[in-house]
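Okay, structure first, notes after.
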Amino acid sequence: MAWEEEAVDGREEVEEEEKKEDGGSDDHHDEPALARKRARIRDACRRRDIGDLQILAVSKGGFVSDAIRRQAWPVLLGFRVDKGGEPDDGSDSWRRLARHKDEDQVKLDVDRSFVYYPSNDTPAQLDAKKAALSDLITEVLRRQPYLSYFQGYHDICQVFLLVLAPSARAVAVSRLSALRIRDFMLPSLRPALAHLRLIPDILWAVDPALCAHISRTEPYFALSDTITMFAHNVQQYSDIARLFDALLAREQVFSLYVFAQIVLHRRDELFEHDEPDMLHFALSKLPQNLDLDAVIADAARLFERHPPESLPKWRSISRASALKTGRDVRRCAAQSLEEGYAFFQQQQRELQWAAKREQALKTMWANKAVILAVVIGLGAVYFRKSPIWANIAAWSIPSHYF
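Be aware that the sequence shown starts at 259, since it is given in our numbering, and climbs by one per residue.
Right under this line is the structure:
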């Protein structure tokens, strides 16, 4: 197989690139251990063993380097690349497709991208990256026009742009969008907000006192981090690439456990804030000195001890939600874009039904006086005409009332 031949025949080139990338690693003194880990990851990629990749992604350092990520991430997302690092179905035909409704917003967001990294690029290099980012997002949206763009989507896409080979990016982001972060690309944020309700459930299972403390404010503080896979707030490229290793290797719901674990690590700090506004502000700002390896390992243990099915709010999550359709990473990697679209349509129908139900309830409440009068009137008519109730009334109420 071409992809497998590349993994073997190009090993020397890949290893040289890895050494350059790892030049500043704290673990450089343990090069034999790093070499063994790289070999394990490459072997798991050749075998397309998602189970092994999940273990390696959570372990210290994740996938170690971008050279290996270019092999591992496609496996986790369920597509193949050829020996040149290109996806099997790369094409430039998207440029002839109709404009997506959100392309104007895409341009605004792309103009303010690459804020934190890369830090050494010239203005011309940054402009080239922004042009490539605009093309990447536009291609994905034009090929899947049912998806709605959300602010922060560009933060996710820029990580894929920096890690993957050019023609592998669109298929990776397309599969991520339709099968992993689909809930954030619906016409409504309602599903995304439903995700956030799981965070207090996770915290309550571990630390009821902390959960009660932060429950003074709504869990909207987690929205920015969870919908952008933390890419909006993590400022170091090496950190976000390493975090993506774990998030792509694990279930979509794992990002909520990562956020909950960060909250648990900040327990003492958060108890210093009593005012809800200050508490919300503190929770919405991600600390930049996080030990991501520790957070990821602890989040994995938290997930094992308190799986999603044990959380009370899990029952309220739609069966078509990416949290449930992507509950098994292997199964999710095998799903097609058509299946993602079918799940999207089911979720859209559920949202439309919920909106109609809410509107009906609002209408009833606004006209409650009229509705109550009608009900009383109908009840009176029924009361008078029903033989049983008429006999009871005649027996129990003086005749002069009739």
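Don't be surprised by glycine CBs; every beta carbon is placed ideally from N, CA and C.
Residue i and residue j closer than 8 Å at C-beta
| i | j | result |
| --- | --- | --- |
| Ser482 | Leu444 | no |
| Val431 | Arg327 | no |
| Ser542 | Phe479 | yes |
| Arg455 | Leu595 | no |
| Pro376 | Tyr495 | yes |
| Val333 | Ile308 | yes |
| Glu509 | Arg588 | no |
| Val316 | Ala558 | yes |
| Leu550 | Leu501 | yes |
| Leu451 | Leu461 | no |
| Trp352 | Arg294 | no |
Buried versus exposed call for residue i [16 or more other C-beta atoms within 10 Å across all chains shown]
| i | result |
| --- | --- |
| Asp362 | exposed |
| Leu355 | exposed |
| Lys365 | exposed |
| Leu548 | buried |
| Phe529 | exposed |
| Ile395 | buried |
| Ser574 | exposed |
| Pro424 | exposed |
Own chain partners of residue i with C-beta closer than 6 Å, once the 5 adjacent residues on each side are dropped
| i | result |
| --- | --- |
| Thr583 | Phe601 |
| Asp459 | Leu569, Pro570, Lys571 |
| Ala612 | none |
| Ser446 | Leu609 |
| Val492 | Ile498 |
| Pro374 | First, the amino acid is wrong: residue 374 is Tyr here, not Pro. Cβ within range, chain order: Gln493. |
| Val516 | Ala557 |
Residues near residue i by beta carbon distance below 7 Å, same chain, minus five either side
| i | result |
| --- | --- |
| Leu505 | Met487, Phe512, Ser513 |
| Ala592 | Gly336 |
| Gly410 | Ser482, Ile485, Thr486, His490 |
| Arg416 | Looking at the sequence shown, residue 416 is not Arg but Gln. Cβ within range, chain order: Ser371, Phe372, Leu391. |
| Pro290 | none |
| Gly320 | Arg500, Asp503, Ala504 |
Residue i versus the options, residue with shortest Cα-Cα distance
| i | options | result |
| --- | --- | --- |
| Leu419 | Arg474, Ala507, Ala386 | Ala386 |
| Gln440 | Ala480, Val398, Thr475 | The amino acid at residue 440 is misidentified as Gln; the sequence shows Arg. Closest option to Arg440, Cα to Cα, is Val398. |
| His564 | His531, Leu544, Lys295, Asp465 | Asp465 |
| Asp413 | Ala436, Ala426, Lys388, Leu437 | Lys388 |
| Met329 | Ile299, Gly598, Asp532 | Checking the displayed sequence, the identity of residue 329 turns out to be Gln instead of Met. With distances taken between Cα atoms, Gln329 lies closest to Ile299. |
| Ala552 | Arg438, Lys318, Gln603 | Lys318 |
Beta-carbon contacts of residue i that lie in its chain and below 8 Å, excluding the five residues immediately before and after
| i | result |
| --- | --- |
| Asp556 | Gln519, Leu522, His523 |
| Arg448 | Leu609, Ala612 |
Test: residue i CB closer than 8 Å to a CB of chain C
| i | result |
| --- | --- |
| Gln605 | Looking at the structure shown, chain C is missing, and only one protein chain is on hand. |
heavy atom of the ligand SAH below 7 Å from residue i C-beta
| i | result |
| --- | --- |
| Thr484 | Looking for the ligand SAH in the displayed structure turns up nothing, as the structure carries no ligands at all. |
Flag this pair as touching only if the stretch 566-578 and the stretch 600-619 have three or more C-beta atom pairs under 8 Å; answer yes or no. Output reads yes: the stretch 600-619 touches the stretch 566-578.
Are the stretch 467-475 and the stretch 297-310 in contact at 8 Å, needing three or more beta carbon pairs? Not touching, per the Cβ criterion.
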